[in-house]
Amino acid sequence: MISFIGRSAVQKVVTLFFVSIVSFLIIHLAPGEPSQVDPLNPKFTPEMVERFRAAFHLDDPLYMQYLYFYRDLFSGKTISWKDNQPVLEKIWERFLNSLPLFIVGTILTWTISFPVGIRSAIFRGGFYDRSATFFSYLLISIPGFFFAYILIILVVNQFHVPVIGMETFGIGDTGWLNRAMDRVWHLLLPSLLGATAGIAVLSRYVRSQMLEVEGQDYVRTAKAKGLKPDQVHYKHALRNALLPFVTMFGLILPGLIGGSVIIESIFAWPGMGRMAYEAILARDYPVILTINFVSAVLVLIGTFISDLLYLVVDPRIRL
Amino acid sequence: MDINSHTGTPDFELDEPLAPKRTRFEEFWRLFKQNKLAILGLVFFILFFLTALLGLVLTSGTDPFFDPALVRLQEKLRPPLARPNLASLQAAEIPTLGFYLFGTDDLGRDVFARMLQGAWVSLTVGFVAVGIALAIGIFMGGIAGFYGQRHIRIYQLAVIVLFFSGALLLVAGRVYAGLALFACTAGCILLSIQLKKSVRGKIKPAWARFWYFNTLSIDTVVMRFVDIMLCFPSFFLILTVVALLPASIYNIMIVIGMTSWMGATRFVRAEFLSLREQDFVAAARALGLSNFRIIFRHMMPNAVAPVLVSATIGIASAILTEAGLSFLGFGVPPPHATWGNILSDGKRFIFDAPWLTFVPGIAILIVVLSFNLFGEGLRDVLNPKLRERN
């Protein structure tokens, strides 16, 4: 166990190192430079460009830039090229905005997909199963932005509530209940959209996992000895079918920072995804690289946690 | 009994196989037909393919049959099936069908013509991107699965590292340093050849043993590279690269392809690892076939099933990704229509002109859905373990 953790940690650190190199190269070898972003701006004189290049080490060779960048990142001093704000603080601020979306989306995903998946596995081939299958394909296939507009049209026309942004503009101080309801309405659509693909995929996965367990001998035995169907399904089968999902708790971690670019820009939600999008448009390399790095760290920690959880819950796995 | 009745032929010759003879394709089709949704997917897929081809023919050229770029400002935001106001149009501006099948957009362009033009973009992006991903994935997975247990030796590593750093220096403009590294590369290769000749059969000296020292196995290198690529948030990575590169449809295809080959690599590697231990591969090797022939003639046809399924679903997600990129304003430069940018242009008018959202949205939905259904049907047919026993 200890040796597994040690080996795994070393491997992840090496992977992270290469990720940092690859992302750095992708950004810097692509054509175009941040100092050329706005050549028509009259305030952007050649002296300014010169000062800018010197201040951000742009004239140094690539490997020096790499070292400077990651030194700054680890000492927490990275600043955005666009507005000279510390990058980590900016990310943290946006992260707090994205967090409610992530939490509500995850709760929706996990609470909806399990009942749906289990039910369609139990009534395999029936009307419910077939319509659930079709709907999950529909949800996987629908483009997020199209679905967003359908929902916007529906909600705005039916309920007459505003949905764009984090709260209604100029809501000011109308009682806390009003404000809370306002926030909930604004939160509902983007998090539902963030959850759709997850619901569709996860419910399919629950279904297939459940079907596999239902075909096992011990489930047949349980049925044969005359247990109630509910007891067979929920006690004998479900508990074993849940095993792989424990490990998926680790894999939802990267979603923390991945906030959807498209959905956040449709709903004008000032979250991580939008910040990433704005950083890309402004060629704000420190922000892009930091987001990339943080998300790679989260992916690696996520897989690590899921490996560990697997080890803990499944006694058949011994390392 | 059947055999005994053929008294004329010798016993050891079975002239008729007892099982009903079906080709692979007939068997496949028989199973595939049972899946109604998959058939529906296939039908829509063929329709989409024909539409895209027809769209390319009818909307391109100097005087296209349907002109997607013709601006009629007096006819803007007309609803679907609206008849044009003939009094205000010149003869050349009258829509070919006599009415606007899908309405017009805010510049009075015929949405039907623009949809036809955009279909080809979606189709090519889907197929080319997945083609690139498959080529990379099969190559890497094949190497990792077939040659995976071999180790990269120090001298091979030295050659590779020297060559690529030389190339990098050349690109960076340091011509002399780059050429010097190339010379070192050539020196390494010559040294290895010389060494091989001189120490054949003899005990190698210590430095030569170091020269041949095993480092990482090929499998480790490839699979760690896959891990590295999986660390990137894929849509964000695609967005970054597409934003930095000049806007063109080819860049999008290449970038989507280069960021989505990891699944295929894993599938091919897993298949190869199990196939290479099987008897028919051992037999092929015993017959003295070349590795190339074993890989491409004997193993690949057996390994291709899961890859095919993931490719079909990959086309669906590539189409979605392209639509998302066009929606955000990256991708094909403006006058050319894609389904994503029709929707993106229409988003300002969702309450006044909902058809600008619904027509492209439903088109993308149907195409992606048909690919997904077809892919799932393929998966059921190609994987005997998933088949329902009857």
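As they're listed, the protein sequences go chains A and B.
Per this note's numbering, the first sequence starts with residue 24, numbered consecutively.
Per this note's numbering, the second sequence starts with residue 112, numbered consecutively.
Each residue gets a CB set at the ideal place from its N, CA and C atoms; glycine is no exception.
Where do the N-terminal and C-terminal ends of the beta strand (DSSP E) with residue i fall, by residue?
i	result
His209 (chain A)	Counting along the chain, His209 (chain A) falls outside any beta strand (DSSP E), though it belongs to the alpha helix (DSSP H) covering Trp199 to Glu237.
His51 (chain A)	No beta strand (DSSP E) holds His51 (chain A); the alpha helix (DSSP H) holding it covers Ile25 to Leu52.
Ile59 (chain B)	This structure cannot settle anything about residue 59 (chain B), because the visible part of chain B is limited to 112 through 501.
Can you say whether residue i is buried or exposed, counting buried as having 16 or more other CB atoms within 10 angstroms of its CB?
i	result
Phe40 (chain A)	exposed
Ser329 (chain A)	buried
Met112 (chain B)	With a pLDDT of 45 at Met112 (chain B), under the threshold of 50, the modelled position of that residue is not reliable, and no figure is offered here.
Gln232 (chain A)	buried
Ser385 (chain B)	exposed
Gly399 (chain B)	exposed
Thr134 (chain B)	exposed
Leu273 (chain B)	buried
Asn325 (chain B)	exposed
Trp199 (chain A)	exposed
Thr94 (chain A)	What sits at residue 94 (chain A) in the sequence shown is Arg, not Thr. Classification for Arg94 (chain A): exposed.
Val322 (chain A)	buried
Lys35 (chain A)	buried
Arg262 (chain A)	exposed
Ile406 (chain B)	buried
Gly217 (chain A)	buried
Ile271 (chain B)	exposed
Thr244 (chain A)	exposed
Met410 (chain B)	buried
Tyr257 (chain A)	exposed
With distance defined between alpha-carbon atoms, name the residue in the options nearest to residue i.
i	options	result
Ala244 (chain B)	B:Ala375, B:Thr423 and B:Leu208	B:Ala375
Val182 (chain B)	B:Ala149, B:Asp216 and B:Val154	B:Asp216
Glu116 (chain A)	A:Phe316, A:Tyr308, A:Arg306 and A:Arg297	A:Arg297
Pro138 (chain A)	A:Ala223, A:Gly273 and A:Leu334	A:Ala223
Pro191 (chain B)	B:Leu200, B:Ala202, B:Ser171 and B:Leu208	B:Leu208
Tyr258 (chain B)	B:Phe378, B:Arg387, B:Gly298 and B:Leu165	B:Arg387
His259 (chain A)	A:Gly278, A:Glu237 and A:Pro277	A:Glu237
Ser371 (chain B)	B:Asp221, B:Ile249, B:Asn146 and B:Ala464	B:Ile249
Asp253 (chain A)	A:Phe146, A:Gly198, A:Val310 and A:Phe47	A:Phe146
Ala220 (chain A)	A:Arg206, A:Leu250 and A:Ile165	A:Ile165
Val317 (chain A)	A:Ala299, A:Phe182 and A:Leu334	A:Ala299
Ser43 (chain A)	A:Phe92, A:Glu73, A:Phe27 and A:Ile303	A:Phe92
Glu487 (chain B)	B:Phe469, B:Ala422 and B:Gly442	B:Ala422
Ile275 (chain A)	A:Lys100, A:Trp133 and A:Glu112	A:Trp133
Leu96 (chain A)	A:Asp82, A:Glu112, A:Arg230 and A:Val284	A:Glu112
Pro309 (chain A)	A:Ala245, A:Trp208, A:Trp292 and A:Gln108	A:Gln108
Ala246 (chain B)	B:Met334, B:Val418, B:Asn196 and B:Leu164	B:Val418
Arg189 (chain B)	B:Gln201, B:Pro206, B:Ala202 and B:Phe176	B:Pro206
Quick one, are the C-beta atoms of residue i and residue j less than 9 Å apart?
i	j	result
Ile424 (chain B)	Val232 (chain B)	no
Trp466 (chain B)	Gly229 (chain B)	no
Ala474 (chain B)	Val236 (chain B)	no
Gly252 (chain B)	Arg380 (chain B)	yes
Val179 (chain A)	Phe462 (chain B)	yes
Asp221 (chain B)	Asp178 (chain B)	yes
Lys458 (chain B)	Tyr172 (chain A)	yes
Phe160 (chain B)	Leu268 (chain B)	no
Ala149 (chain B)	Phe485 (chain B)	yes
Pro471 (chain B)	Gly442 (chain B)	no
Ile50 (chain A)	Leu431 (chain B)	no
Phe290 (chain A)	Ile187 (chain A)	yes
Gly294 (chain A)	Glu287 (chain A)	yes
Arg264 (chain B)	Ala448 (chain B)	no
Met189 (chain A)	Arg202 (chain A)	no
Phe169 (chain A)	Thr351 (chain B)	no
Could you tell me the boundaries of the alpha helix (DSSP H) in which residue i lies?
i	result
Thr129 (chain A)	Val110 to Ile145
Trp450 (chain B)	Trp450 to Gly457
Gly466 (chain B)	Note on identity: in this sequence residue 466 (chain B) is Trp, with Gly being the wrong assignment. Residues Trp466 to Leu493.
Lys258 (chain A)	Note, Lys258 (chain A): premise wrong, no alpha helix (DSSP H); not H, not E.
Met87 (chain A)	Leu85 to Phe97
Ser103 (chain A)	Per DSSP, Ser103 (chain A) belongs to no alpha helix (DSSP H) and is neither H nor E.
Gly273 (chain A)	Leu266 to Leu274
Thr191 (chain A)	Per DSSP, Thr191 (chain A) belongs to no alpha helix (DSSP H) and is neither H nor E.
Ile300 (chain B)	Val286 to Ser309
Gly167 (chain A)	Gly167 to Phe182
Between residue i and the ligand HEM, is there a pair consisting of the residue's CB and a ligand heavy atom that are separated by less than 8 Å?
i	result
Leu164 (chain B)	The ligand HEM is not part of this structure, which contains no ligands at all.
Inside the segment 126-198 of chain B only - alpha helix (DSSP H) runs reaching at least 4 residues: 135-144 and 147-170
Which full runs of the alpha helix (DSSP H) of 4+ residues lie inside the segment 388-417 of chain B, going along the chain? 390-397
Could you pull out every unbroken alpha helix (DSSP H) segment of at least 4 residues lying fully inside the segment 313-386 of chain B, listed in chain order? 317-322, 329-341, 345-355, 360-369 and 373-386
Every unbroken alpha helix (DSSP H) within the segment 281-311 of chain A, with a cutoff of 4 residues, ordered by chain: 284-289 and 295-305
As an exercise, report each continuous beta strand (DSSP E) stretch of at least 3 residues that is fully enclosed by the segment 199-267 of chain B, in chain order. 262-264
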